[in-house]
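What follows is a short report on a single structure.
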Amino acid sequence: MAASLPIRGLDILLGWKSWRSGTVTLGRGTSVAWRRLRRVRGNRLTIGDESIVHANIIFEDGGADIRIGSRTYIGLSNLICFRSVSIGDDVLVSWGATIVDHDSHSLEWDLRRNDVRDWARNQKAWTHVPTAPVVVADKSWIGFNVTVLKGVTIGEGAVVAACSVVTRDVPPYALVAGNPARVIRMLNANDSAERQALARELRSDDR
């Protein structure tokens, strides 16, 4: 049974710092060991059962929602959310990845000229910043130092090679790589031996 606790209680229980009040829901057997959690009032973080999350988690504005499924591992990476980031079940996210659902700033100088000063006052305006939800589907694998940008859906069982920059949707059971990430080949969703061989190949490349 999941536990839904106020952020202040979790500050003591888990030993991390938060900026403002909110609610975190943790599933049975889930382990969290992040170094930074920045919240704005009204946000929600939900993590399923038996997951391990070591990410830095940043909520940029009120009403944002991050959902992480069950049996999912997220290494020391960055989840940066203005409105919605959803990560499914049985997902692997290596260290150094960044998943973000917004552009942070407007492309127009006049609209971003006060961003630093406003951030210091916690008064950042988001009305001119492009945003779009990010979805990482079940069984996918995101390699180290990958960047996933706003509006992207990574399909079920997809593999994103290390250091890729994902700017558009990734089909289910596709291997993608590069900047911007492109499909290298399709994987057979029903062939576990092929998936295991691919995993060994990618681990070897990581060395």
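Residue numbers for the sequence shown follow this note's numbering, so the first one is 1308 and each next one is one higher. Quick reminder that beta carbons are idealized off the backbone N, C-alpha and C, glycines included.
V1467 to E1415 span [Cα, whole Å]: 31 Å
Pair every Cβ in the region 1424-1440 with every Cβ in the region 1477-1497, then say whether three or more of these pairs are closer than 8 Å. no
Find the nearest neighbour of V1490 within the set D1425, V1473 and N1497, judged by alpha-carbon distance. V1473
Could you pull the DSSP bridge partners for W1448 from this structure? L1399 and V1466
Report the three-state DSSP secondary structure of V1455 (helix, strand or coil). strand
Which partner residues does S1391 have in the DSSP bridge list? D1372
Using a Cβ distance threshold of 8 Å, determine whether the region 1442-1455 contacts the region 1393-1411, with at least three qualifying pairs required. yes
Once the 5 residues before and after R1492 are set aside, which same chain residues still bring their CB inside 6 Å of it? L1482
Could you check whether L1352 and I1365 sit closer than 8 Å to each other, using their CB atoms as the reference points? no
Can you tell me where the alpha helix (DSSP H) holding A1427 begins and where it ends? D1422 to A1427
Classify L1414 as helix, strand or coil using the three-state DSSP reduction. coil
Determine the extent of the beta strand (DSSP E) in which T1438 is found, giving its start and end residues. No beta strand (DSSP E) holds T1438; DSSP gives it neither H nor E.
Is the CB-CB distance between D1356 and G1382 below 8 Å? no
C-beta contact flag for A1362 and R1390 at 8 Å: no
Distance cut-off 7 Å: T1330 Cβ against heavy atoms of the ligand NAP: The ligand NAP is absent from the structure shown, which contains no ligands of any kind.
Whole-number beta carbon distance between A1444 and G1462, since they are thought to touch under 8 Å: 5 Å
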